[in-house]
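Engineer:
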Amino acid sequence: MTAQVQLSIQNLTKRYKTGDGVSGISLDIAHGELVTLLGPSGCGKTTVLRSVGGFLEPDSGDIQIAGKSVLHLPPEKRPTAMVFQSYNLWPHMTVYENLAFGLKIRRQSKEQIREAVDRALRLVRLPGSEKKRPGELSGGQQQRVAVARALLLEPAVLLLDEPFSALDAKLRSELREELREIQSAAKLTMMFVTHDQEEALSLSDRIIVMNRGNIEQSASPQEIYDAPQSLFVANFIGRMNMLNGTADEGCIRLNHLELSNPKELRGEVVVAVRPEDIRWNDASLPGLAAVVKQVMILGHYAEITLLTEAGLVRMFLPREESGQLSGGQSVSLTFTKLTAYSKSSI
Amino acid sequence: MSGQGLSPSLETRKPLKSTWNSRGVKHSALGLLMVIPSFLLLLFMIVVPIVTSIQESLTGNDGQFTRDNYKYLFTDPAMKANIMYTLNLTVVSSVSVLVIAYLLAVFLRFSTGKLAKWIEKLYYIPMFIPSVIATYGIINMYGNHGWLARIMLHFTDAPFMKVLYDYKGLLLANLWFNIPFAAMLLSSALSGIPNAVIESAKDIGAGKIQIFFRIIFPLSFKSMLVAATFVVMGVIGSFTAPFLIGPNAPQVLGVAMQQQFSVYFETGIASACAVFMFAICSLVGYFYIRNMMKEER
Numbered sequence: 002m003t004a005q006v007q008l009s010i011q012n013l014t015k016r017y018k019t020g021d022g023v024s025g026i027s028l029d030i031a032h033g034e035l036v037t038l039l040g041p042s043g044c045g046k047t048t049v050l051r052s053v054g055g056f057l058e059p060d061s062g063d064i065q066i067a068g069k070s071v072l073h074l075p076p077e078k079r080p081t082a083m084v085f086q087s088y089n090l091w092p093h094m095t096v097y098e099n100l101a102f103g104l105k106i107r108r109q110s111k112e113q114i115r116e117a118v119d120r121a122l123r124l125v126r127l128p129g130s131e132k133k134r135p136g137e138l139s140g141g142q143q144q145r146v147a148v149a150r151a152l153l154l155e156p157a158v159l160l161l162d163e164p165f166s167a168l169d170a171k172l173r174s175e176l177r178e179e180l181r182e183i184q185s186a187a188k189l190t191m192m193f194v195t196h197d198q199e200e201a202l203s204l205s206d207r208i209i210v211m212n213r214g215n216i217e218q219s220a221s222p223q224e225i226y227d228a229p230q231s232l233f234v235a236n237f238i239g240r241m242n243m244l245n246g247t248a249d250e251g252c253i254r255l256n257h258l259e260l261s262n263p264k265e266l267r268g269e270v271v272v273a274v275r276p277e278d279i280r281w282n283d284a285s286l287p288g289l290a291a292v293v294k295q296v297m298i299l300g301h302y303a304e305i306t307l308l309t310e311a312g313l314v315r316m317f318l319p320r321e322e323s324g325q326l327s328g329g330q331s332v333s334l335t336f337t338k339l340t341a342y343s344k345s346s347i
Numbered sequence: 271m272s273g274q275g276l277s278p279s280l281e282t283r284k285p286l287k288s289t290w291n292s293r294g295v296k297h298s299a300l301g302l303l304m305v306i307p308s309f310l311l312l313l314f315m316i317v318v319p320i321v322t323s324i325q326e327s328l329t330g331n332d333g334q335f336t337r338d339n340y341k342y343l344f345t346d347p348a349m350k351a352n353i354m355y356t357l358n359l360t361v362v363s364s365v366s367v368l369v370i371a372y373l374l375a376v377f378l379r380f381s382t383g384k385l386a387k388w389i390e391k392l393y394y395i396p397m398f399i400p401s402v403i404a405t406y407g408i409i410n411m412y413g414n415h416g417w418l419a420r421i422m423l424h425f426t427d428a429p430f431m432k433v434l435y436d437y438k439g440l441l442l443a444n445l446w447f448n449i450p451f452a453a454m455l456l457s458s459a460l461s462g463i464p465n466a467v468i469e470s471a472k473d474i475g476a477g478k479i480q481i482f483f484r485i486i487f488p489l490s491f492k493s494m495l496v497a498a499t500f501v502v503m504g505v506i507g508s509f510t511a512p513f514l515i516g517p518n519a520p521q522v523l524g525v526a527m528q529q530q531f532s533v534y535f536e537t538g539i540a541s542a543c544a545v546f547m548f549a550i551c552s553l554v555g556y557f558y559i560r561n562m563m564k565e566e567r
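As you go down the protein sequences, you meet chains A and B in turn. Using my numbering, the first residue of the first sequence is number 2, and each one after it goes up by one. Using my numbering, the first residue of the second sequence is number 271, and each one after it goes up by one.
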C-alpha cells in the first residue's frame, strides 16, 4: 500500500469484566480507504470502533490518527466523527440546529455555518428539511441527517457503527450506495462496523473479519470470498459446502475423488466448496458420485441439493440448466475451486 | 358514538334504528352516572367554595357590598408585610428547592458511585413522613434546646442562632418538604435522556458545560416547569410548618388567613386573603398550561 496510513491501531487490548473484549488487535487504514469490521455479534468489532472514537479506554495498545496518538484524548477532542446505530440526533433541536451545533462549537461564523449545512443537506439529499425536528423524519432520513452531521465536522476518520441495521432492506442498499458515492468523492477514511456480510462485501475496499476478539482475516472483499484464510471465515462469508476428507502427500481424498493439495496438508481435512463452484456430469464420468435430492428454483438461479458419498452438498445452477436435473438422478460432481483446512486447526 | 350496526336493509331500518337509539341513551346515561360523583365533588368542594369566598370577600359586616376587605388586605401595613413575606419566602424557597433538587438529580443520573446509590434509596423518605411529625422533628433538631444547640454547647458558650420562629426555619421546612418530590420528577426526566444522545454530543466536540446547557437542560426543561409549579403551589399554601414554627409577625398568608378567620372572626378579610392566594395559584397554573401547550405544538 502506497497511500499514507490515516488510522493505525497497534496491539489494542480491551477486556471487560465478563471476559469478553478484544486482544492484540493491530490494523492500518490508509487515507481514503473504506474498511469494514465484520463479525458475529460479540466478536469485539464495536469495541474496536468505540475505542477509536474515545468512548472506551483500552487496557493497552495505541491508536494513532495521521501519525499522532489519540489515546489520551477524550471523544470531544478526537478528530473522529461517529454515525451511531440509533442515529442519536438531539430531539429538541431542529435538523438545522443538529447540524450547526458542532460548527458553532468550532466558532464558525453564521454565514459559514449556513452554507456548510446547506451543502451537507444537499449531499444527503434532504434539502429543505432544516426546520423539521428529528421526530418528524423517517428512520432513513434521520440517519441521513446523522451522516450529514458527522461529515460536516470533516473528520480525519469517519466511524460508522452498524448505521443501517435499523432500516429496511431496500433503504439500506440505497443508503449504502449513497454513502459509497460520498466516501469516494470526498476521499474519506472510513471504518464501518457491520454484522451483515452482504453490506461488507458490497461496500468495502477491505474487510477485516473478526471472531472472538481476534482478527481472522484482513483482505479485499474478492479475496475474502475466494480465498478465506480460516474455516471460520469460510463458514461466515457466503454459502459454503463443508466436506470431510483425508490428505496425504500430493492429494486430498474425498472418498474416490482425488483433489490437489497446494497447502500440503496432512491427515483429516475439511474441504470447503462454494455452491457455484460445483459442476455436474453424467454419472459415467469420473468425479464425486451423487444423487439429486431436490431442485429448488430461487429466481434467476436454482439450488440443487445432492446426496454424495461425502455428505450433503448444495449446488447453484442457472435456472435453464437446472431443468436437466430431477430428483433421484445419479450424477458425478467436480469442483472448479476449493479450499481445504486441516481439521487440527479448528 | 359510532354508527356500528347501522347497515340495515330498508324494511328493518326503523326498528333497528330505534333499538340502537335506546342503547345509545342507556350508554350515555351510564356515562353521565359515572361522571356525576366527580362532578359533584368538584362542584361542592371547589366551585361553590370559590364563589362563596368571592361573595364573602366582597361583603361587609353590615351585609352590604364593599371593597374594604381588599383595601385592607393591600393597605394594612401588617397585611402588606404578610403578603411580601409570603411571596419572598415562596420565591426563595422554590428557587432553592429547584436548584438543589436539580443538582441532586444530575448527581444521581451521572454518578455511578456508592454515595449516589445510597442517596437514591433514601432521598424520598421525607415524602412518607407526615408534616406534623416532620415539623416537630425540626423543632427537636433546631430548637433552643434541640440537638444542634446541645452539641454546639460543647464547643462554644455563644447562644445558638435563631432558626425556629424565623424565616430560616420556614425555608428549612420548605426544603425538607419539597426537595424529594422535585428531585423525583427531575431525576426521572434525566434518566429519560439516553446516554447515546450525550455520546453523540461529545463526539461532535461538545464539552461538559456545552452538553449540560445545550442538551441536558433543554431536554429536562419541561419537567423542571412541572416541578416548579408543584413546588410553588406547595410552598404558597403551606400551613403546618408555618403555624408551628413560623414567626408571629410577619406571618405566612396561610397562617394569617387562619388567624383572621378563627381568632379575629374577620370572615370577609379571611375570604379576601383566600381569593388572593387562589388568584396567585391560578396565575401559576395558567403559565404551566400555556407552556405545556406550547411544547406540544
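All residues carry an ideal CB built from backbone N, CA and C; glycine is no exception. All figures in this text were calculated on a predicted structure; none of them were measured in a lab.
1. Report back the beta-carbon spacing between residue 45 of chain A and residue 214 of chain A to the nearest angstrom; my notes put them in contact at under 8 Å.
2. Rounded to whole angstroms, what's the CA-CA distance from residue 292 of chain A to residue 331 of chain A? Just pull it up for me.
3. Does the structure place the segment 318-328 of chain B close enough to the segment 470-485 of chain B that three or more beta carbon pairs sit under 8 Å?
4. From which residue to which residue does the alpha helix (DSSP H) around residue 140 of chain A run?
5. Specify, as a first and last residue, the run of the beta strand (DSSP E) that residue 278 of chain A falls within.
6. Does DSSP put residue 342 of chain A in a helix, in a strand, or in coil?
7. Please identify, using Cβ separations under 7 Å, the residues of the segment 290-308 of chain A that lie next to chain B, in order along the chain.
8. To the nearest angstrom, how far is the alpha carbon of residue 165 of chain A from that of residue 87 of chain A?
9. At which residues does the alpha helix (DSSP H) containing residue 480 of chain B begin and terminate?
10. For the beta strand (DSSP E) holding residue 64 of chain A, just list the boundary residues, first then last.
11. Report the three-state DSSP secondary structure of residue 319 of chain A (helix, strand or coil).
12. Nearest to residue 167 of chain A by CA position, among A:219, A:208 and A:85, is which residue?
13. Taking only beta-carbon positions, decide if residue 159 of chain A is within less than 7 Å of chain B.
14. For residue 44 of chain A, name the three-state secondary structure that DSSP assigns.
15. Quick one: Cα of residue 254 of chain A to Cα of residue 290 of chain A, how far?
16. My output table needs one value for residue 302 of chain A: the three-state DSSP class, helix, strand or coil.
17. Are three or more beta carbon pairs between the segment 463-482 of chain B and the segment 408-427 of chain B nearer than 8 Å?
18. Are three or more beta carbon pairs between the segment 435-455 of chain B and the segment 504-519 of chain B nearer than 8 Å?
19. Once the 5 residues before and after residue 2 of chain A are set aside, which same chain residues still bring their CB inside 6 Å of it?
20. Indicate whether residue 527 of chain B and residue 542 of chain B have their beta-carbon atoms separated by less than 7 Å.
21. Determine which residues share a DSSP beta bridge with residue 219 of chain B and list them.
22. Just tell me which of B:324, B:296, B:314 and B:297 has its CA closest to the CA of residue 547 of chain B.
23. Taking just the CA atoms, how far does residue 493 of chain B sit from residue 138 of chain A?
24. Three Cβ pairs or more, each shorter than 8 Å: is that satisfied between the segment 87-105 of chain A and the segment 57-71 of chain A?
25. For residue 77 of chain A, return the contacting residues in chain B, with the cut-off set at a CB-CB distance below 7 Å.
26. My assumption, with CB atoms under 8 Å, is that residue 233 of chain A sits in contact with residue 217 of chain A. Please give the rounded CB distance.
27. Between residue 62 of chain A and residue 13 of chain A, which are expected to be in contact by the criterion C-beta below 8 Å, what is the C-beta distance as a whole number of angstroms?
28. Does the beta carbon of residue 295 of chain B sit closer than 7 Å to a beta carbon anywhere in chain A?
29. Is the shortest distance between the beta-carbon of residue 106 of chain A and the beta-carbons of chain C less than 7 Å?
30. For residue 51 of chain A, which residues from the same chain have a beta carbon less than 7 Å from its beta carbon, with the 5 sequence-adjacent residues on both sides left out?
31. Should residue 496 of chain B be flagged as near chain A, meaning a C-beta pair shorter than 7 Å?
32. Can you list the residues of chain A that residue 488 of chain B reaches, using a CB-CB cut of under 9 Å?
33. Can you find at least 3 beta carbon pairs, one from the segment 501-514 of chain B and one from the segment 382-397 of chain B, that sit closer than 8 Å?
34. Against chain A, with Cβ distances strictly below 7 Å, would residue 375 of chain B count as a contact?
35. Counting only the same chain and skipping the five closest in sequence on each side, list residues whose C-beta sits under 6 Å from that of residue 189 of chain A.
36. For the segment 172-193 of chain A, list every residue whose C-beta sits within 8 Å of some C-beta in chain B, in sequence order.
Structural biologist: Working from what's here:
1. 4 Å
2. A straight line joining the alpha-carbon of residue 292 of chain A with that of residue 331 of chain A spans about 5 Å.
3. no
4. 140-153
5. Note, residue 278 of chain A: premise wrong, no beta strand (DSSP E); not H, not E.
6. Reduced to three states, the DSSP call for residue 342 of chain A is strand.
7. none
8. Spanning the two alpha carbons is a distance of roughly 9 Å.
9. 478-481
10. 61-66
11. In the structure shown, residue 319 of chain A sits in a strand (DSSP, three-state: E or B).
12. Ranking the options by Cα distance to residue 167 of chain A, first place goes to A:85.
13. no
14. coil
15. 13 Å
16. Reduced to three states, the DSSP call for residue 302 of chain A is strand.
17. no
18. yes
19. Unreliable placement is indicated for residue 2 of chain A, whose pLDDT of 46 sits below 50; no coordinate value is reported for it.
20. no
21. Residue 219 of chain B cannot be examined here, being either before or after the span of chain B that is shown, 271 to 567.
22. B:324
23. Taking the straight line joining both Cα atoms gives about 25 Å.
24. no
25. 472, 475, 476 and 477
26. 5 Å
27. 4 Å
28. no
29. No chain C is present in this structure, whose protein chains are A and B.
30. 57
31. no
32. 91, 93 and 94
33. no
34. no
35. 159
36. Correct list: empty, as no residue qualifies.
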